[in-house]
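>
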Amino acid sequence: MTQLEDMPETGITPGGTTGAFRDVLAKDHARRGKPPAHFADMTPEERIARAGELGLPKFRVKQLANHYYGHFDVNAAEFTDFPASKRDEAAAAFFPTLITEVTRQVADEGMTVKTLWRLFDGSLIESVLMRYPNHTTLCISSQVGCGMGCPFCATGKLGLTRNMSAGEIVEQVRVAAKAMRDGDIAGGPGRLSNIVFMGMGEPMGNYRSVLSAVRQISAMPPEGFGISARNITVSTVGVVPGIRRLAEEGIPVRLAVSLHAPSDELRDELVPMNKRFNTTQVLDAAHDYFLASKRRVSIEYALMRGINDQAEHARLLAKRLNHYGDDWAHVNPIPLNPIEGSRWTASKPEDEQRFLEILHAAGVTATLRDTRGQDIDGACGQLAAKEQPGGETGSRG
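Residue 526 is where the sequence shown starts when you use my numbering, and the numbers rise one by one after that.
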């Protein structure tokens, strides 16, 4: 077992209370109590035990699972296959409200939707739904805030308030899947096909809940939503024990590593976690993940003007990746999305192009990332969970 096994509920990473790196905690960081236990938080045995407390036989649990995972439905009052006298009790016992929509902002002619959610304790998180011609991706949050402290990221400036429960994570997916099925998103009825853990938080800092959510998202109904594990991406700034533990799970999710710099000197400044797990440790672990999963790793690289976007940076990045000798990584240079009050700015278009050309010439596959949702602060690095005046509101799901 890795050190993550003993990680406290607060989400502080191994060694996070001493040594070279410490999670940045929000001013209101505290143990706020746990969210209400939800169907998605319970083991099969716990579900059966809870049903027994309500006087319900075992097969009723499978009916609830069919409604939840197969039909994205938590409105037990309309479960016609369920005893009318037990519907309210079942709803209270298995489907407490975990996320409540506060505001919804729309961009890209309705194809990008950012939703601000309020959790049971008043905490705020965001998710972003992005519809493309051939697929629909949901970017979800796994923590309230983030403790990684990357200076160019709006979420990082919030600090970490708390981890989210598996139910809180999974509910973001259920609501989005239902909205797509019901045609609530521009473009008419469709299917949610891809999930990226690139919203608020460091997924490896909340490993247990994230892994539980991954299993439920990818299992076929009535155990899960049936979204292929190959269409799920788990992102990390480089929490090495988490990467190595994920490799042992045998689930073919894609790993994304937020590298942002090719050298330790520069990455120490841009990604504070590098002081705990340096670029060599991170890239070694990421390459081992590729060997274990047979899936190319995404290297996320936010391009910042004059900081990490010059030819020398591209050449060093290519050298570092090619060191391993196989086509194991796909680089996603990301035009930096501006955040309020930041000294970090986006690269010049000609520097972005040159960066890509150098990688391609070195045999490294690379694709400039689409910046969907930038005008509603819904793009990479912009999620700050701020209530917006005049945002579209309403209840979904």
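Glycine residues also receive a C-beta, built at the ideal position from the N, C-alpha and C atoms.
For Pro766, does the three-state DSSP call read helix, strand or coil?
The count along the sequence shown starts at 1 and reaches residue 766 at position 241. Note: Pro766 maps to helix in three-state DSSP.
> What does DSSP give as the partner residues of Phe722 in its beta bridges?
As a first step, residue 722 is located in the sequence shown; it is residue number 197 there, counting from the start. Paired residues: Val759.
> My guess is that Leu654 and Val698 are in contact by the Cβ rule of under 8 Å, so how many angstroms apart are they, rounded?
If you number the sequence shown from 1, residue 654 lands on position 129. If you number the sequence shown from 1, residue 698 lands on position 173. That belief does not hold up - the Cβ atoms of Leu654 and Val698 are roughly 10 Å apart, past 8 Å.
> Tyr849: which of Ser648, Ala632, Leu791 and Asp809 sits nearest, CA to CA?
Position 324 of the sequence shown holds residue 849. It is Asp809.
> Leaving out five residues on either side along the sequence, give the residues of the same chain with a beta carbon under 8 Å from the beta carbon of Gln588.
In the sequence shown, the residue the question calls residue 588 occupies position 63. Same-chain partners within the cutoff: Phe604, Asp606 and Phe607.
> Could you compute how far the alpha carbon of Ser690 sits from the alpha carbon of Arg879?
Numbered from its first residue, the sequence shown carries residue 690 at position 165. Numbered from its first residue, the sequence shown carries residue 879 at position 354. Cα to Cα, the separation comes out at about 43 Å.
> Could you compute how far the alpha carbon of Val735 sits from the alpha carbon of Ile883?
As a working mapping, residue 735 is identified with position 210 in the sequence shown. As a working mapping, residue 883 is identified with position 358 in the sequence shown. Cα-Cα distance, rounded: 36 Å.
> Touching or not, the stretch 695 to 709 and the stretch 672 to 684, by the rule of three or more beta carbon pairs under 8 Å?
The answer is no - the stretch 672 to 684 does not touch the stretch 695 to 709, with fewer than three Cβ pairs under 8 Å.
> Can you look up His785 in the DSSP assignment and give me helix, strand or coil?
As a position in the sequence shown, residue 785 is number 260, starting the count at 1. In this structure, His785 counts as coil in the three-state DSSP scheme.
> Using DSSP with H/G/I as helix, E/B as strand and the rest coil, what is Gln668?
Counting from one through the sequence shown, the residue named residue 668 turns up at place 143. Strand at Gln668.
> When you compare only the Cα positions, how much space is there between Lys819 and Val759?
For this step, residue 819 is matched to residue 294 along the sequence shown. For this step, residue 759 is matched to residue 234 along the sequence shown. Going by the C-alpha atoms only, they are around 15 Å apart.
> Shortest alpha-carbon distance to Arg755 belongs to which of His660, Gly684, Val778 and Arg868?
Counting from one through the sequence shown, the residue named residue 755 turns up at place 230. Arg755 has its Cα closest to that of Val778, out of His660, Gly684, Val778 and Arg868.
> If you draw a straight line from the C-alpha of Val638 to the C-alpha of Asp553, how long is it?
By one-based count along the sequence shown, residue 638 stands at place 113. By one-based count along the sequence shown, residue 553 stands at place 28. The alpha-carbon atoms of Val638 and Asp553 are separated by roughly 28 Å.
> Once the 5 residues before and after Glu534 are set aside, which same chain residues still bring their CB inside 6 Å of it?
One-based indexing of the sequence shown puts residue 534 at position 9. Low per-residue confidence applies at Glu534: pLDDT is 41, beneath 50, and the placement is therefore not dependable enough to give any value.
> Could you check whether Cys675 and Pro797 sit closer than 8 Å to each other, using their CB atoms as the reference points?
Numbered from 1 along the sequence shown, position 272 holds the residue referred to as residue 797. Numbered from 1 along the sequence shown, position 150 holds the residue referred to as residue 675. It is a contact, given that the beta carbons lie within the stated cut-off.
> I'd like to know whether the C-beta atoms of Phe802 and Val765 end up nearer to each other than 8 Å.
Here residue 802 refers to the residue found at position 277 of the sequence shown. Here residue 765 refers to the residue found at position 240 of the sequence shown. Taking 8 Å as the Cβ cut-off, Phe802 and Val765 qualify as a contacting pair.
> Compare the C-alpha of Lys844 against each of Leu816, Thr804, Leu828 and Arg830 and name the closest.
By one-based count along the sequence shown, residue 844 stands at place 319. The option with the nearest alpha carbon to Lys844 is Thr804.
> Once the 5 residues before and after Thr870 are set aside, which same chain residues still bring their CB inside 8 Å of it?
Here residue 870 refers to the residue found at position 345 of the sequence shown. Only Met829, Arg830, Leu861 and Pro863 meet the Cβ criterion.
> Based on the DSSP output, what are the partners of Ile573 in its beta bridges?
One-based indexing of the sequence shown puts residue 573 at position 48. DSSP lists no partner for Ile573.
> With H, G and I counted as helix, E and B as strand and the rest as coil, what does DSSP make of Pro621?
Sequence index remark: in the sequence shown, residue 621 carries index 96 (1-based). Looking at Pro621 - three-state DSSP - the assignment turns out to be coil, as it is neither helix nor strand.
> With distance defined between alpha-carbon atoms, name the residue in Trp853, Val822 and Ala887 nearest to Leu841.
As a first step, residue 841 is located in the sequence shown; it is residue number 316 there, counting from the start. Out of Trp853, Val822 and Ala887, Ala887 has the C-alpha closest to the C-alpha of Leu841.
> Does the distance from the CB of Glu651 to the CB of Met725 come in under 8 Å?
Here the question's residue 651 lines up with position 126 in the sequence shown. Here the question's residue 725 lines up with position 200 in the sequence shown. Going by C-beta atoms, Glu651 is nearer than 8 Å to Met725.
> Tell me, to the nearest whole angstrom, how far the beta carbon of Tyr593 is from that of Glu748; I am working on the premise that it is less than 8 Å.
Working through the sequence shown from its first residue, we reach residue 593 at position 68. Working through the sequence shown from its first residue, we reach residue 748 at position 223. Rounded, the Cβ-Cβ distance is 10 Å, inconsistent with contact.
> Quick check on the burial criterion: 16 or more other C-beta atoms within 10 angstroms. Buried or exposed for Asn833?
Locating residue 833 in the sequence shown gives position 308, counting from the first residue. The residue in question, Asn833, is buried, as its Cβ has 16 or more Cβ neighbours within 10 Å.
> Roughly how many angstroms separate the alpha carbons of Leu644 and Thr625, rounded to a whole number?
Here residue 644 refers to the residue found at position 119 of the sequence shown. Here residue 625 refers to the residue found at position 100 of the sequence shown. Between Leu644 and Thr625, the C-alpha separation is close to 7 Å.
> Do Arg572 and Phe564 come within 8 Å of each other at the CB atom, strictly closer than that value?
Taking the sequence shown and counting its residues from 1, the one referred to as residue 564 is at position 39. Taking the sequence shown and counting its residues from 1, the one referred to as residue 572 is at position 47. Cβ atoms of Phe564 and Arg572: closer than 8 Å.
> Is it the case that the Cβ atoms of Phe597 and Arg706 are separated by a distance below 8 Å?
The residue labelled residue 597 in the question sits at position 72 within the sequence shown. The residue labelled residue 706 in the question sits at position 181 within the sequence shown. Taking 8 Å as the Cβ cut-off, Phe597 and Arg706 qualify as a contacting pair.
> Taking just the CA atoms, how far does Ala618 sit from Val599?
Position 74 of the sequence shown, counting from 1, holds the residue named residue 599. Position 93 of the sequence shown, counting from 1, holds the residue named residue 618. One C-alpha to the other measures close to 11 Å.
> Quickly, what does DSSP pair Arg656 with across the bridge? List them, please.
Here residue 656 refers to the residue found at position 131 of the sequence shown. For Arg656, which the question treats as bridged, DSSP gives the partners Thr661.
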